[in-house]
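Here my numbering is used: position 5 in the sequence shown is 29, and no number is missing along the way. For each residue, glycine too, the CB sits at the ideal point set by N, CA and C. Predicted, not measured: the structure shown is a model, and the values here were computed from it.
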Amino acid sequence: LFAELKRRREEMSELDAMVESLYPKTTRKEDEGPSEAQVNKLVSDVLTKSTVPFMPSGKPEAVPGGFLIRGTVTKTSSSSSSKDDDEDGNSKFEGDNLIEAIDQTIERNAPALR
């Protein structure tokens, strides 16, 4: 058993190993993930819209159970410096703003995204 696990770890990329260690198998939905075409459409038709405060920094990367999209959360016009900012001036709530903007953009453009 341990020899099989060791062999499997050696065959995995560093990124795959990180995803498997951070996200339990039950959260990865390996047989139900989006296709590469669907993820590319999400990036081109949703994440690059001016209403979404996110700038992808590369192509989506396939990982166990889905894709990883690296990028930067950008400041929204409603963002301002506050006690909730970290030492770099990043709002602790930017992730919430990003998800809300993505959801709204998908909802507004749902027919075109099919």
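Which of the three DSSP states is assigned to residue i in this structure?
i   : result
E54 : coil
T96 : strand
P80 : strand
G89 : coil
Do you know how far the Cα of residue j is from the Cα of residue i?
i   : j   : result
V63 : S45 : 23 Å
S37 : V76 : 31 Å
T98 : A27 : 45 Å
P58 : A86 : 10 Å
Run the CB neighbour count on residue i, radius 10 Å, all protein chains shown included, and call it buried at 16 or more, exposed below.
i    : result
L71  : buried
A134 : exposed
Are residue i and residue j touching if we call contact CB-CB under 7 Å?
i   : j   : result
D40 : P84 : no
Cβ of residue i within 6 Å of any heavy atom in the ligand ZN?
i   : result
P77 : Judged by which ligands are present, the structure shown has none, so any question about the ligand ZN falls away.
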